[in-house]
Amino acid sequence: TSSIWGSNASAGVINIITKEAKDGVHGSLALSYGSYRTRGTDTDLSYKDEKITAQVLASYLKTDGFSALAPRSAEDDGYTNKNYNIKLGYAFNANNQLNLRYSRIKTDTEFDYVDPNDSSSTSSSDQKNYALDYTFKLDKYRATFHTSKGEYDREYSYGTFNATLKEYALINAYDYTNGKAVLGFEYKDIDGLTAGAYTNKAIFLSNTYNIYDNTLLETNLRYDDYDAFENKTTYKMGLKHNHTALEGLTTSANYYTSYDAPSSYQLAYQLSPDVLLKPAYTKGYDISASYKELLSVSYFNTEVEDGIDWVSLFDSEWNYIGGGYTNIEGKQKFSGLELQSSYALSSLNIHLSANYTHLFKYEKEDGTDLIRRAKDTLNGSIDYYTNTNTHFGINTQYVGDREEFGQSTGNYTLWNLNFGTKIIQDIDLILNARNIFNKEYESVDGYATEGRSLYAKVKYSF
1305 TSSIWGSNAS AGVINIITKE AKDGVHGSLA LSYGSYRTRG TDTDLSYKDE KITAQVLASY
1365 LKTDGFSALA PRSAEDDGYT NKNYNIKLGY AFNANNQLNL RYSRIKTDTE FDYVDPNDSS
1425 STSSSDQKNY ALDYTFKLDK YRATFHTSKG EYDREYSYGT FNATLKEYAL INAYDYTNGK
1485 AVLGFEYKDI DGLTAGAYTN KAIFLSNTYN IYDNTLLETN LRYDDYDAFE NKTTYKMGLK
1545 HNHTALEGLT TSANYYTSYD APSSYQLAYQ LSPDVLLKPA YTKGYDISAS YKELLSVSYF
1605 NTEVEDGIDW VSLFDSEWNY IGGGYTNIEG KQKFSGLELQ SSYALSSLNI HLSANYTHLF
1665 KYEKEDGTDL IRRAKDTLNG SIDYYTNTNT HFGINTQYVG DREEFGQSTG NYTLWNLNFG
1725 TKIIQDIDLI LNARNIFNKE YESVDGYATE GRSLYAKVKY SF
């Protein structure tokens, strides 16, 4: 979380549709079907002119799924998602604009508590979000007033969770000769109706300054005032330089801190109800060098104090008996190297890309390794585009050493295939084949993952 935008205070967000309207009247309808009896539809309709923007989007997804707990064939744990989104915008003139948004997401989920054949563990959620943004622009000055409300309701076979988040913000931005300054104010009222209510008032200041034509300095400062937690000042400083001696070579460095308050959901499901969760405090730095899109190398070093995580409890025979969120004692330390590369063989219409992450350190205060962190992760893709609007793609992921409770959950490779083509004018076909070699693996110890599967989508656009 950046020092400008502050704490991660809201409840979870699921599959929110984001798509901008284009000039005129446009729309689309897509139908999909695939493995595990997965079926769905997506539709949108939009209109835009010089003053008015209107858009309606909706999606429906339902799957019989596979067992949440291994083995995946034990039973079907299904999932349903219904998503509605409405956007309205009106430009009064060149300087004043109003935007309204409404979204609603409803889900039903089947999961396993202890037994893979568990048919009684279910959950449902209903999330509503309302937002209003008013923007005023005058020459080099821009002000945005934002207000929003989120209502989050979740029901489980073992209990319920309800929360309301109200947010107000005023962001002022000014472009000057050598940079841009931003001054913002925020107020958040998190009302965990089940548990976990607090307010957050914040002020932040950001400045980007071009020291020279090829050197940029960014500084951010933020102060958060809580009624339930300790107040905190966080900051970020970054420097970026484009090297004229070798066009395309860029180096940068950042030092940052952040303060992440627990969400109302985490507060509602604390491991110890008598001990209030504390915000997590993070500090770290990164150093990067890149040459065009061909190669990017970054080193990062991060330290997290009072990190928040879910802790599972087991009896003497290692049977799961529950769990909850708690602050991890002491400091968690992470350091690693990230490599990224992208290259286009234009004459062959082929695009190659890859990224690799190696963790030098991922340990707790006592020096033991944190669980569920892969020491090495490699992703790669090859995409081929024809001159007739057809795309062939293959991507792969390798996960190296990773452990959880003494059990290995790493050292596997997944392969996926992608295909897309225009059947006729305005109608497209998309095919995705996942885990084509049907690899048996676990991302989380004891939990099943998707086997070999195929999904198809037909989309009509106008």
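Take 1305 as the starting number for the sequence shown in the working numbering and just add one per residue. For glycine and all other residues, C-beta sits at the position ideal for the given N, C-alpha and C.
- The C-alpha of K1470 lies about 34 angstroms from the C-alpha of V1748.
- Looking only at G1697, D1670 and T1661, the smallest Cα-Cα distance to H1655 is reached by G1697.
- Taking L1520 as the centre and dropping the five residues before and after it, the same chain places the C-beta of N1514 and K1544 closer than 6 angstroms to its C-beta, in chain order.
- The beta carbon of P1375 is closer than 8 angstroms to those of P1420 and A1752 in its chain, skipping five residues each way along the sequence.
- Taking C-alpha positions only, K1726 is separated from E1754 by approximately 28 angstroms.
- When the alpha-carbon of T1468 is set against those of G1500, V1486, D1531 and S1562, the nearest one is in G1500.
- Across the set K1587, G1627, D1610 and W1719, the C-alpha of G1627 shows the shortest separation from the C-alpha of L1617.
- Residue range T1519 to Y1530 is occupied by the beta strand (DSSP E) that includes L1521.
- Taking C-beta atoms under 8 angstroms as the contact rule, Y1764 and L1333 qualify, at a distance of about 5 angstroms.
- Taking the CA atoms as reference points, K1679 sits about 45 angstroms from T1481.
- Bounds of the beta strand (DSSP E) holding Y1516 are Y1502 to Y1516.
- Going by C-alpha positions, L1474 is about 20 angstroms away from L1392.
- In terms of Cα proximity to Y1689, the closest of N1653, Y1462, E1708 and T1717 is N1653.
- The C-alpha of K1441 lies about 48 angstroms from the C-alpha of P1577.
- Counting other Cβ atoms within 10 Å of its Cβ, Y1629 reaches 16 or more and is therefore classed as buried.
- For S1567, the three-state secondary structure derived from DSSP is coil.
- Here E1459 has S1427 and S1428 as same chain residues with Cβ atoms under 7 angstroms from its own Cβ, once five neighbours each way along the sequence are excluded.
- Remark: C-beta atoms of F1415 and Y1569 do not approach each other more closely than 8 angstroms.
- Distance from the Cα of D1610 is smallest, within the candidate group F1533, G1552 and A1572, for F1533.
- In this structure, DSSP gives A1572 a helical state, which the three-state scheme calls helix.
- DSSP links V1360 through a beta bridge to L1349 and I1390.
- Judged by their CB atoms, Q1644 and N1631 are not nearer to each other than the 8 angstroms cut-off.
- Around the beta-carbon of V1418, fewer than 16 other beta-carbon atoms lie within 10 Å, marking it exposed.
- Measuring C-alpha to C-alpha distances from S1363 to each of L1404, E1744 and K1410 identifies K1410 as the nearest.
- K1432 and K1453 have their C-alpha atoms some 8 angstroms from each other.
- Put simply, the region 1480-1494 does not touch the region 1587-1605. Fewer than three CB pairs are less than 8 angstroms apart.
- In the structure shown, the three-state DSSP call for L1652 is helix.
- Taking 8 angstroms as the cut-off, the beta carbon of N1518 is found no closer than this to the beta carbon of A1485.
- In the three-state scheme derived from DSSP, where H, G and I count as helix and E and B as strand, S1428 is classed as strand.
- Counted as a single uninterrupted DSSP element, the beta strand (DSSP E) harbouring A1473 occupies residues G1463 to Y1480.
- Taking 8 angstroms as the cut-off, the beta carbon of E1708 is found closer than this to the beta carbon of R1676.
- Nearest to L1525 by C-alpha distance, out of L1509, S1651 and D1730, is L1509.
- Within the DSSP bridge table, the entry for Y1603 names I1591 and L1641 as partners.
- Look at G1382 here: in three-state DSSP terms it is coil, with no helix or strand label.
- Looking at T1347, D1381 and S1657, the one whose alpha-carbon comes closest to that of G1684 is S1657.
- At a Cβ-Cβ threshold of 8 angstroms, N1385 and L1365 count as neighbours.
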